[in-house]
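Working notes for the structure below.
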Amino acid sequence: MSNDYIKHPDVLVESLKNGWWSVRLNRPKSLHALDEQIVTALYSTFEYLHQNDLVKAIWFDSTTPKAFCAGGDVRKLRQLVLEDQLEQAKQFFKQEYALDRLLHHYAKPLVVWGEGYVMGGGLGLFMAAPFRLVTPHSRLAMPEINIGLYPDVGATRFLADRGTIGLFIGLTGSIMTAAGAYSIGWATHVCEQGRDIVLNHLTSIRWKDYSAGDFRAIDDTLNSLHRPLAAGPLQNSLDVIHSVCRGQDFIQDYQSICGLGNARSDWLRQASENLSNGSPTTAALTWLLWQWAKQNRSWNEVFSLEEEISGWKIQHADFIEGVRARLVDKDLQPDWQKKSFQNLADLFKDNPPFSESVDSWNALLRQYGILK
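Residue numbers (full-length UniProt numbering): 1 to 372.
What follows is the structure, given as structure tokens:
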């Protein structure tokens, strides 16, 4: 194989049979966390495979069943900000979103095996593929509320696409099982058989038997392997979610979800606890981005805005403090910048997340009194 792409020890690329290639994340100690070098190598690899006529379809997974990818390396990002290496921190997001954008517009079939944890930046990669496989052991979430960041990597749109269920998941960082992920269309197939069995079925496809094309061939094969699961906590909580999270008033949604502390369901109580203990600024930003993305934004618009918002958010005190409390000192006692607020605008006084280039976002901030 030629050296037409950037090689990286934590990204394993292999030619399989029948036109299939595999790309595997290989950073198991950090649950395959993404940093700038890995996302740059992935971008180069996927670009190369896209242009290589010998490549018919791509299998994307990790080398361990514990996680596909648990997210970005936020500890490293925090350290860069503390060391005043802000441009390098921003470069990570630029590269990460370039990779996400490439995969959302990919013309070749891409199958992602989302076993174990699929979170944050890992969920961004997962959601960019047309074939998104989960197993009974999969756990999916955008848990940025806990660290003072916000659901990015395209979640601005893929949360809004799921209506108020998406908003609830974004605000609470709730973990979804395979059943929940499938029920809202985040996963396309549930596979109870192991990775090797599923991959063997795919690499044995007789392409010539499918006049409707390669995507149909893969879809038919995966449909034959799909096994529905019993309803999980998400499906069992839909009535409550719709009653507490309406997407019309931030304070009302915030207080109603925080008020679920006495719910019968462990899952709903955990959701309440996550939001109650999470960064209020992250919650408000998540709610605003959901409002903005309801207006059918393109992926290019989404990633352009997210790149600006991320550059703003990593300089916010809540990001530095949130990562410290959860991942550095691990005391789980974050001291958030704003603990009391009467409305959305209170959370952004003196530091609004305005955009240099996205006028529709600034118009929304003006609508809620955040920008004058």
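C-beta: ideal position from N, C-alpha, C; glycine also.
Take the alpha-carbon of proline 233 and the one of aspartate 84: they are about 43 angstroms apart. The count of Cβ pairs closer than 8 angstroms, one atom from the segment 152-160 and one from the segment 294-308, reaches three, so the stretches are in contact.
Per DSSP, leucine 275 lies in no beta strand (DSSP E) segment; the continuous alpha helix (DSSP H) that holds it begins and ends at 266-277.
By the neighbour-count definition (other C-beta atoms within 10 Å, threshold 16), glutamine 248 is an exposed residue.
The Cβ-Cβ distance between aspartate 73 and aspartate 35 falls below 8 angstroms. Take the alpha-carbon of histidine 201 and the one of phenylalanine 131: they are about 14 angstroms apart. With respect to the 8 angstroms criterion, glycine 120 and aspartate 100 are not classified as neighbours on the basis of their beta carbons.
CA-to-CA, the gap between isoleucine 147 and isoleucine 370 works out to about 23 angstroms. Just measuring C-alpha positions, the residue of His8, Glu308, Trp207 and Arg324 sitting nearest lysine 17 is Trp207. Within 10 angstroms of the beta-carbon of serine 357 lie fewer than 16 other beta-carbons, which makes it exposed. In the three-state reduction of the DSSP assignment, methionine 127 falls in the helix class. Shortest Cα-Cα distance from isoleucine 6 to any of His32, Leu49 and Ser15 involves Leu49.
Every unbroken stretch of the alpha helix (DSSP H) spanning 4 or more residues and falling wholly within the segment 80-151 is given here in chain order: 86-104 and 121-127. With a minimum length of 3 residues, there is no unbroken run of beta strand (DSSP E) contained wholly in the segment 190-241. By the C-beta density criterion, glutamine 95 is buried, having at least 16 other C-beta atoms within 10 angstroms. Around asparagine 362, the same chain offers Phe354, Ser355 and Leu371 as residues with beta carbons nearer than 7 angstroms, after the five sequence neighbours per side are excluded. Per DSSP, isoleucine 165 is one residue of the alpha helix (DSSP H) stretching across 163-172.
In the DSSP assignment, glutamate 14 falls within the beta strand (DSSP E) that extends over 11-15. Under a 10 Å Cβ-count criterion, threonine 63 is classified as exposed, with fewer than 16 other Cβ atoms of the shown protein chains found around its own Cβ. The DSSP assignment places complete alpha helix (DSSP H) segments of no fewer than 4 residues inside the segment 10-85 at 36-51 and 74-82, in order along the chain.
As the crow flies, the alpha-carbon of asparagine 343 is around 38 angstroms from that of leucine 102. Boundaries of the alpha helix (DSSP H) around alanine 284: 280-293.
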